[in-house]
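Enquirer: First to last, the sequence lines map onto chains X and W.
Under this note's numbering, the first residue of the first sequence carries the number 3, and numbering increases by one thereafter.
Under this note's numbering, the first residue of the second sequence carries the number 3, and numbering increases by one thereafter.
Shown below is the structure under consideration.
Number of protein chains: 2
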Amino acid sequence: MARSNRQRTSRRAVYETLRRKVLTLELPPGAALSENELGASLGVSRTPVRESLILLSQEGLVQIFPQVGSFVSRVDPAKVADAQFLREAVELAALDDLPAELDPELVEELRHNLAEQRRPGLGLEDFFELDEAFHHTLLRLSGHGSAWATVVSAKGHLDRARRLGLYETASPEGFAAQHVEIFDAVLAGDAALVRSAMRTHLRAVFDDVERVRARSPELFATDTGSVPVRRNVVVWE
Amino acid sequence: MARSNRQRTSRRAVYETLRRKVLTLELPPGAALSENELGASLGVSRTPVRESLILLSQEGLVQIFPQVGSFVSRVDPAKVADAQFLREAVELAALDDLPAELDPELVEELRHNLAEQRRPGLGLEDFFELDEAFHHTLLRLSGHGSAWATVVSAKGHLDRARRLGLYETASPEGFAAQHVEIFDAVLAGDAALVRSAMRTHLRAVFDDVERVRARSPELFATDTGSVPVRRNVVVWE
DNA sequence: CGACCAGCACTGGTATACAAGCATTGGTCG
DNA sequence: CGACCAATGCTTGTATACCAGTGCTGGTCG
């Protein structure tokens, strides 16, 4: 008898909330995160908050300085590059490994996803969700869907940077078109074309990040080892 | 002014101890992990133990069932395959990305490492350490050394399985020879040869795991969702 | 004898109390 | 006026107390 593994513990809720807020920049890079404050504002004690921060810290989204404070990590260009490299490696390897017969259900899912992406008046957050699902489904298509989890946890830095990029450029249409290009190449079974289309797509995302960096350097880390000052520079509000 | 980021908190010590014990199979798959017992045996309270277990659980090395118990994860073949896939993707992509001029310092490090691997009377644990360092240095050679951290945290399952394999076959010599082969191909700058040698090597590791599985099925998971019984079946002892 | 059921012991989840350490800040002293 | 320094309030780290829920177990009742 399989038991529901879903834990609706308060730690899980806090973790997901905080992670979302960090990724959506609602908690901007550099913001101070006090366990006490967060607990009070979320209506729980320090314990679940603290445990969530530890998890986020392992993902690199939060930095914890003992006896000093916890802070939302600044976007580290080196880590963004790492995430980019890892993601590209995994996604390209997966596409190299596509089966001869594609799962029609997943293909239909992709088709529907792409249609949604082109829906007029689509919100930015909605586009991100569809984008995530698109890439995840591509991985599932090659039978390596569960590797997505690792990619996700590694690409936190990349995601924040991408979001910054889209907030500025505000044109998901170009990316959506690239998605279609990839999808068509997959359907055509043209491995080389799939590879180059995906690589172009992912590199475009990366270039976007670099543009943002030139404009908003304060969100990016310079020295990862340095300890930020306490309360003065806090962006929190 | 850069501050020492090294935290020598008790949580860190507990985490590293537990992780090592899980990876070396000193805590075998399926073993029950009581926060109270562990705390008592390590001389700390539940808190650092608990936080360590949460971290290990995020890595997939431990499973936590609320109000039931925490257990060392059984080796999940699907996760082993995932780790294998991810590792292969990353390492091959890195080797595709080698610079024209190799860092002579790293090359020397690799040469020294390989010499150590062939030292007679080498212990199994020592070989593992060298093996890790070898692959990590290869990544550094391509400038993607920091991506290794993600690979490490994802390949926990793979490592345990590999260890099982080496305990049985007990012949690191074959793997050491493959390492030399890869290294020589890198020096020669033969990208295609590098790729095939590395792929052969990693696949050999994976096949080893499958052999072990046939012999010791009790260490492997069948249904990841099922909750193990409490104290009876415990392998601990 | 067997099925059932209530109590019990143990689990992890959460809240709280205390400890150790850092940074700011305001005052004092040279 | 400036450098120094100690008090103070904040931080995270750790220990402990309590809670809700689970599986086992032994006794009871049919």
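Just so it is clear, CB atoms sit at the ideal spot from N, CA and C, and this is done for glycine as well.
Mind reading off the beta-carbon distance from W:Arg76 to W:Leu221? Whole number of angstroms is fine, and I expect it under 8 Å.
Expert: So it is a contact: roughly 6 Å between Cβ atoms.
Enquirer: Just list the residues that DSSP pairs W:Ser72 with in beta bridges.
Expert: According to DSSP, W:Ser72 bridges with W:Leu35 and W:Ile66.
Enquirer: Counting only beta-carbon separations shorter than 7 Å, does X:Gln69 have a partner in chain W?
Expert: Taking Cβ atoms only, chain W never reaches closer than 7 Å to X:Gln69, which makes this a no.
Enquirer: Note the first and the last residue of the continuous alpha helix (DSSP H) segment covering X:Val92.
Expert: From DSSP, the alpha helix (DSSP H) with X:Val92 extends over Pro79 to Asp98.
Enquirer: Could you give the C-beta distance for W:Leu100 and W:Leu141, rounded to a whole number, given that I count them as a contact under 8 Å?
Expert: Actually they do not touch by this definition, with Cβ atoms about 10 Å apart.
Enquirer: Expressed to the nearest angstrom, what Euclidean distance is found between the alpha-carbon atoms of X:Arg120 and X:Glu175?
Expert: Rounded to whole angstroms, X:Arg120 to X:Glu175 spans 7 Å at the Cα level.
Enquirer: Excluding the 5 residues preceding and the 5 following X:Met3 in the sequence, name in chain order all residues of the same chain whose CB lies nearer than 7 Å to its CB.
Expert: The pLDDT assigned to X:Met3 is 39, lower than 50, so where the model puts this residue is not dependable, and the model offers no usable value.
Enquirer: Looking at the secondary structure, which residues open and close the alpha helix (DSSP H) in which X:Gly176 lies?
Expert: Note, X:Gly176: alpha helix (DSSP H), Pro174 to Ala190.
Enquirer: Which residues in chain W sit within 7 Å of X:His138, going by Cβ to Cβ distance?
Expert: Within chain W, no residue comes near X:His138; the closest Cβ sits about 14 Å away, beyond 7 Å.
Enquirer: Say whether chain W places a C-beta atom closer than 7 Å to the C-beta of X:Thr202.
Expert: Not an interface residue.
Enquirer: Using the rule of at least 16 other Cβ atoms within 10 Å of the residue's Cβ for burial, across every protein chain shown, is X:Arg1 buried or exposed?
Expert: Coverage of chain X is limited to positions 3 through 239, which leaves residue 1 of chain X absent and any answer about it impossible.
Enquirer: Closer than 6 Å: is that where the CB of X:Ile56 sits relative to any heavy atom of the ligand PLP?
Expert: Among the components of this structure there are no ligands whatsoever, and the ligand PLP is therefore not found.
Enquirer: What residue range is occupied by the uninterrupted alpha helix (DSSP H) comprising W:Lys157?
Expert: That residue, W:Lys157, is in no alpha helix (DSSP H); it is neither H nor E in DSSP.
Enquirer: For W:Thr19, which of W:Asp98, W:Pro68, W:Pro50 and W:Ala190 has the nearest alpha-carbon?
Expert: Per the Cα distances, W:Pro50.
Enquirer: Around the C-beta of W:His137, are 16 or more other C-beta atoms found within 10 angstroms, so that it is buried, or is it exposed?
Expert: By the 10 Å Cβ count, W:His137 comes out buried.
Enquirer: Using beta-carbon positions only, say whether W:Ser72 and W:Leu35 come within less than 7 Å of one another.
Expert: A contact, by the Cβ cut-off of 7 Å.
Enquirer: Check whether chain X comes within 7 Å of W:Val236, counting only Cβ atoms and requiring the distance to be less than that.
Expert: Residue placement at W:Val236 is flagged as unreliable, the pLDDT there being 40, under the threshold of 50; a coordinate-derived value is accordingly withheld.
Enquirer: Could you list which residues in chain W have their beta carbon closer than 9 Å to that of X:Ile184, in chain order?
Expert: The contacting residues do not exist; X:Ile184 stays about 17 Å from chain W at best.
Enquirer: Which residues in the same chain have their Cβ closer than 7 Å to the Cβ of X:Phe208, if we skip the five residues on either side of it in sequence?
Expert: Closer than 7 Å at the Cβ level, and outside the excluded window around X:Phe208, lie Gln86.
Enquirer: Just mark W:Leu189 as buried or exposed, buried being the case when its beta carbon has 16 or more other beta carbons within 10 Å.
Expert: Classification for W:Leu189: exposed.
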